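Data block below; observations after.
Protein chains: 2
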Amino acid sequence: MARERITSQQVAKRAGVSQSAVSRVFSGASASKETARKVREAAEALGYRPNVLARSLITGRSRIIGLVVAYLENQFYPDALERLSNALQSRGYHILIFTASGRGEGVDRVIQDLLDYQVDGIVTASVGVSDELTRRCEAAGIPVVLFNRGQDDPRLAEVTSDNVGGAHKIAEFLAAGRHRRIAHISGWQGSSTGRDRAQGFRDGLAAAGLDLTREIDGLYQRDTAAAAALEMCRQDRPDAIFVGNDHMAFGVMDALRYDLGLKIPEGISIVGYDDVPMAAWPAYKLTTLRQPSGRMVEATVEALMKHIEDPAAPVEKTKIPGPLILRGSARIPEGWT
Amino acid sequence: MARERITSQQVAKRAGVSQSAVSRVFSGASASKETARKVREAAEALGYRPNVLARSLITGRSRIIGLVVAYLENQFYPDALERLSNALQSRGYHILIFTASGRGEGVDRVIQDLLDYQVDGIVTASVGVSDELTRRCEAAGIPVVLFNRGQDDPRLAEVTSDNVGGAHKIAEFLAAGRHRRIAHISGWQGSSTGRDRAQGFRDGLAAAGLDLTREIDGLYQRDTAAAAALEMCRQDRPDAIFVGNDHMAFGVMDALRYDLGLKIPEGISIVGYDDVPMAAWPAYKLTTLRQPSGRMVEATVEALMKHIEDPAAPVEKTKIPGPLILRGSARIPEGWT
DNA sequence: CTGAAAGCGCTTACAG
DNA sequence: CTGAAAGCGCTTACAG
């Protein structure tokens, strides 16, 4: 076990220059061609690479972004995680990952840990941040952006899709398809996305002169949503259900088909939210509102970079609209193609 | 923007003790009750938390584990990632994540980056490591464990399921079910798991006196596997296909059902590998060999901790067997329940 | 352009 | 138990 961690000191000696010189060529500061050559040669020979942690200590930048994530069983998140990691990697940043239970409590401790690592920024995927933690991040000058989650705090940047508008669109679609008994299995009503989608949906229905027949909170859990669907069908079965996200919608479709023997969309129309890759699979062909995760990740990275460069930059709440993707799980109104 | 990063120096002043004293109480070294109280009080008042990076510089431990991951679209990996993160978090470690393309090249650059962050250990999920990088990690005294991937190098720890044995079991099962035209859509033959499963399957078939009718490399890609299944059915359709992992198996089942109108298992039996959560969904009910990801993660963490504590500890190759989970996608032989 | 020196925020022998 | 001091591996003014 050699534990031979090479330092700039050793490279300097071998190259016959000062340690400062070595540092300069690796940090991109000015150095003569000749010095640079000698240093690179020595570094190469010794297998030297600068210690990022030591650099961070002095520059005050760790090039680490903390990511708080939950709900990994919902394909939307691994997908977003991969995009985020790639986007950040290409800019020289990396993700330190923290898994949270999602339902509150754990989150704070986890962000506390994050702060100890001197991260340059924090993004939380679909989880909120307490007031106290927000204050600490602000005090430490660490930007935090909420991804796919809104929170009414001017210190917190956020990137979401247009949940109200998207759900509204779904309501229009269902109304145009002449559905009359329309139900909603909502996303967790403790989250902004769950509430906004429910709100937009009700508004859209009202605008079409329809009532919401029934609404149950699916808590963003597959099993809870499936049970809710079954419950809804015990009497006066709805002819359409808008499910708060695709992850739950798959569970709902499975329950309807395999427990109740219903045909989709003949017996009942189902619409989801997210458009995760699985929604396109032949087994589901789920009609759903696409959350443009690529653009959402882009916006997240932009916000992060902007605030890392200029801590005083204005905090923005970005809302990105997404299209309704028509597939086979819901009756398509004439003319909607 | 306050950027008020509180240091131990400031806490010391407020508490009326030396900076060393502050350090001692936070690093768990000896300190009198009285000193500890004063320090904690001052720290609390100022919102002080030790800078982990500065600590790392001197202790030589970052408490960061580098994770190289790919194939996040295969539910097995987000699931394992979550388990790994939780297990590590509970021991005071965190994951710095690096996404690799999976198919080789990118991996090396990524691990190089990892080394710069002075990680205490590296785990690669289903990706291999070049000889040069292995040498560097060894030189730097950084343990690396391959998760769900084997590689014939004594310096690399690995944790896999018993792929040969598992696939062998599947062959027995299919043979006992009186299947006669048995095909295999393998995992990527450039990976140890892909090769081991194919090998075990052939061996098992041979032991039962059967031949492998056909074998196509599915590359661990859904679309490739689906196309392979269609191709296999153009003539002399197999009566059973063992697909190299669940992720591909879902694509195969979809293609068989929706493109060819086949019934599963009546028309053809399908067996997968992994037992990801989705395999239990009613839409698939996939018979599959379970990779015990919980135990695999445990073994991975154990190996990591062992080598971090004692770099000279022997490098182990752990193989964990998993059970065949009988569901509805393949004809079940009498007596197998 | 280059080297000597200070310093980032800690931990850890070393005396007392 | 406690404080002064050295040092982890770098970056960055500061002179020359």
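Residue numbers (the numbering used here), protein chains in the order written: chain A, 2 to 338; chain B, 2 to 338. Just so you know, even glycine gets a beta-carbon here, dropped at the ideal spot from N, CA and C. Remember, it's a predicted structure, so these values are computed and weren't measured experimentally.
Are residue 302 of chain B and residue 126 of chain B close, meaning C-beta to C-beta below 8 Å?
-> Residue numbering aside, residue 302 of chain B sits at position 301 when the second sequence is read from its first letter. Residue numbering aside, residue 126 of chain B sits at position 125 when the second sequence is read from its first letter. When the beta-carbon positions are compared, residue 302 of chain B and residue 126 of chain B stay at least 8 Å from each other.
Using 8 Å as the limit for Cβ to Cβ distance, is residue 268 of chain A near chain B?
-> Looking up residue 268 of chain A in the first sequence gives position 267. Residue contact with chain B for residue 268 of chain A: absent (no Cβ-Cβ distance below 8 Å to any residue of chain B).
In or out: residue 224 of chain A buried (at least 16 other Cβ within 10 Å) or exposed?
-> The residue you call residue 224 of chain A lines up with position 223 of the first sequence. Residue 224 of chain A comes out exposed.
Hey, how far is the Cα of residue 353 of chain A from the Cα of residue 259 of chain B?
-> Absent from the structure is residue 353 of chain A, since the part of chain A shown begins at 2 and ends at 338.
Helix, strand or coil for residue 265 of chain B per DSSP?
-> In the second sequence, the residue the question calls residue 265 of chain B occupies position 264. DSSP places residue 265 of chain B in coil when its eight states are reduced to three.
Length of the line joining the Cα atoms of residue 10 of chain A and residue 109 of chain B = In the first sequence, the residue the question calls residue 10 of chain A occupies position 9. In the second sequence, the residue the question calls residue 109 of chain B occupies position 108. Cα-Cα distance, rounded: 26 Å.
Considering only residues of the segment 28-107 of chain B, which uninterrupted alpha helix (DSSP H) runs meet the minimum length of 4 residues and lie entirely inside it, listed in chain order?
-> Counting only runs of 4+ residues, the alpha helix (DSSP H) found wholly inside the segment 28-107 of chain B occupies 34-47, 53-60, 77-90, in chain order.
Have a look at residue 63 of chain A and residue 54 of chain B and give me their C-alpha separation to the nearest angstrom.
-> To locate residue 63 of chain A, count along the first sequence from 1; it is residue 62. To locate residue 54 of chain B, count along the second sequence from 1; it is residue 53. Going from the Cα of residue 63 of chain A to the Cα of residue 54 of chain B covers about 9 Å.
Closer than 7 Å at the beta carbon, the chain B residues around residue 274 of chain A | Residue 274 of chain A sits at position 273 when you count from the first residue of the first sequence. Residues of chain B with a Cβ closer than 7 Å to the Cβ of residue 274 of chain A do not exist; the shortest Cβ-Cβ separation is about 19 Å.
Specify, as a first and last residue, the run of the beta strand (DSSP E) that residue 185 of chain B falls within.
-> To locate residue 185 of chain B, count along the second sequence from 1; it is residue 184. Start and end: 183-187.
Secondary structure of residue 330 of chain A, DSSP reduced to three states = Looking up residue 330 of chain A in the first sequence gives position 329. Coil at residue 330 of chain A, not helix or strand.
Within 8 Å (strictly less), CB to CB, does residue 159 of chain B reach chain A?
-> On the second sequence, residue 159 of chain B is found 158 positions in, with the first residue counted as 1. For residue 159 of chain B, not one C-beta of chain A is nearer than 8 Å to its own C-beta.
Establish whether the CB of residue 3 of chain A and some CB of chain B are separated by less than 8 Å.
-> Looking up residue 3 of chain A in the first sequence gives position 2. At residue 3 of chain A, the pLDDT of 41 sits below 50, so the modelled position is not reliable and the matter cannot be decided from this model.
Going by the beta-carbon positions, is the gap between residue 97 of chain B and residue 97 of chain A smaller than 8 Å?
-> Stepping through the second sequence from its first residue, residue 97 of chain B is reached at position 96. Stepping through the first sequence from its first residue, residue 97 of chain A is reached at position 96. Residue 97 of chain A sits close to residue 97 of chain B, with the two beta carbons spaced by under 8 Å.
For residue 258 of chain B, write down the residues that DSSP places opposite it in a beta bridge.
-> Locating residue 258 of chain B in the second sequence gives position 257, counting from the first residue. Note: residue 258 of chain B sits in no beta bridge, so no partner.
At 3 residues or longer, and completely inside the segment 200-266 of chain A: list those beta strand (DSSP E) runs for me, N to C.
-> The segment 200-266 of chain A contains, as complete beta strand (DSSP E) runs of 3+ residues, the segments 213-218, 241-244 (chain order).
For residue 1 of chain A, collect the residues of the same chain with a Cβ closer than 6 Å to its Cβ; drop the 5 residues on either side in sequence, then sort them by chain order.
-> Absent from the model: residue 1 of chain A. The displayed extent of chain A is 2 to 338, so no value can be given.
Drop a sphere of 10 angstroms on the beta-carbon of residue 133 of chain B, count the other beta-carbons inside from all chains shown, and report buried for 16 or more, exposed for fewer.
-> Here residue 133 of chain B is taken as the residue at index 132 of the second sequence, counted from 1. Burial call: exposed.
Residue 316 of chain A and residue 56 of chain A closer than 8 Å at C-beta | Here the question's residue 316 of chain A lines up with position 315 in the first sequence. Here the question's residue 56 of chain A lines up with position 55 in the first sequence. Judged by beta-carbon spacing, residue 56 of chain A lies beyond the 8 Å limit of residue 316 of chain A, meaning their Cβ atoms are not closer than that value.
With burial defined as no fewer than 16 other Cβ atoms inside 10 Å of the residue's Cβ, what is the status of residue 170 of chain A: buried or exposed?
-> Here residue 170 of chain A refers to the residue found at position 169 of the first sequence. By the 10 Å Cβ count, residue 170 of chain A comes out buried.
With burial defined as no fewer than 16 other Cβ atoms inside 10 Å of the residue's Cβ, what is the status of residue 324 of chain A: buried or exposed?
-> Locating residue 324 of chain A in the first sequence gives position 323, counting from the first residue. The residue in question, residue 324 of chain A, is exposed, as its Cβ has fewer than 16 Cβ neighbours within 10 Å.
Can you give me the start and stop residues for the alpha helix (DSSP H) that residue 146 of chain A sits inside?
-> Residue numbering aside, residue 146 of chain A sits at position 145 when the first sequence is read from its first letter. For residue 146 of chain A, no alpha helix (DSSP H) run applies; the uninterrupted beta strand (DSSP E) run containing it begins and ends at 145-148, by DSSP.
Residue 3 of chain A to residue 138 of chain B, Cα distance in whole Å?
-> As a first step, residue 3 of chain A must be located in the first sequence, where it is residue number 2. As a first step, residue 138 of chain B must be located in the second sequence, where it is residue number 137. Bear in mind that a pLDDT of 41 at residue 3 of chain A, under 50, signals an unreliable position, so the number given afterwards is only what the model happens to contain. When the Cα atoms are used, residue 3 of chain A and residue 138 of chain B turn out to be separated by approximately 10 Å.
What residues in its chain sit with their C-beta under 6 Å from that of residue 338 of chain A, if we drop five residues either side in the sequence?
-> For this step, residue 338 of chain A is matched to residue 337 along the first sequence. Nothing listed; no residue qualifies.
Element boundaries [beta strand (DSSP E), containing residue 291 of chain B] | Position 290 of the second sequence holds residue 291 of chain B. Note, residue 291 of chain B: beta strand (DSSP E), 288-291.
Neighbourhood of residue 114 of chain B by C-beta, 8 Å cutoff - its chain only, sequence neighbours within 5 removed | Along the second sequence, one-based indexing puts residue 114 of chain B at 113. The answer, listed in chain order, is 99.
For residue 100 of chain A, decide whether its Cβ has a neighbour in chain B, counting only Cβ atoms nearer than 8 Å.
-> For the purposes of this step, residue 100 of chain A is identified with residue 99 of the first sequence, where counting begins at 1. Residue 100 of chain A counts as touching chain B.
Should residue 292 of chain A be labelled buried (16 or more other beta-carbon atoms within 10 Å of its own) or exposed?
-> As a working note, residue 292 of chain A is residue 291 in the first sequence. By the neighbour-count criterion, in which 16 or more other beta carbons inside 10 Å mark a residue as buried, residue 292 of chain A falls on the buried side.
Can the beta-carbon of residue 296 of chain A be found less than 8 Å from the beta-carbon of residue 321 of chain A?
-> One-based indexing of the first sequence puts residue 296 of chain A at position 295. One-based indexing of the first sequence puts residue 321 of chain A at position 320. Result yes, Cβ atoms of residue 296 of chain A and residue 321 of chain A sit closer than 8 Å.
Cβ-Cβ separation, residue 206 of chain A to residue 172 of chain A (assumed contact under 8 Å), whole Å | In the first sequence, residue 172 of chain A corresponds to position 171, counting from 1. In the first sequence, residue 206 of chain A corresponds to position 205, counting from 1. Distance from residue 172 of chain A to residue 206 of chain A at the Cβ level is roughly 5 Å; contact confirmed, criterion being Cβ atoms closer than 8 Å.
So is residue 237 of chain A buried or exposed if we call it buried at 16+ other beta carbons inside 10 Å?
-> Reading the first sequence from its first residue, position 236 is the one you call residue 237 of chain A. Exposed: under 16 other Cβ atoms inside 10 Å.
Does the segment 271-291 of chain B come close enough to the segment 241-259 of chain B to have 3 or more Cβ pairs within less than 8 Å?
-> In this structure the segment 271-291 of chain B lies against the segment 241-259 of chain B, because at least three pairs of beta carbons, one per stretch, are closer than 8 Å.
Indicate whether residue 228 of chain A and residue 216 of chain A have their beta-carbon atoms separated by less than 8 Å.
-> Here residue 228 of chain A refers to the residue found at position 227 when the first sequence is read from its first residue. Here residue 216 of chain A refers to the residue found at position 215 when the first sequence is read from its first residue. In this structure, residue 216 of chain A does not lie closer than 8 Å to residue 228 of chain A by Cβ.
Would you report the Cα separation of residue 185 of chain A and residue 51 of chain B, rounded to the nearest angstrom?
-> Taking the first sequence and counting its residues from 1, one reaches residue 185 of chain A at position 184. Taking the second sequence and counting its residues from 1, one reaches residue 51 of chain B at position 50. Looking at the backbone, the Cα of residue 185 of chain A and that of residue 51 of chain B are separated by about 48 Å.
How many angstroms separate the CA atom of residue 95 of chain B from the CA atom of residue 65 of chain B?
-> Looking up residue 95 of chain B in the second sequence gives position 94. Looking up residue 65 of chain B in the second sequence gives position 64. Each residue's Cα considered, the two are about 5 Å apart.
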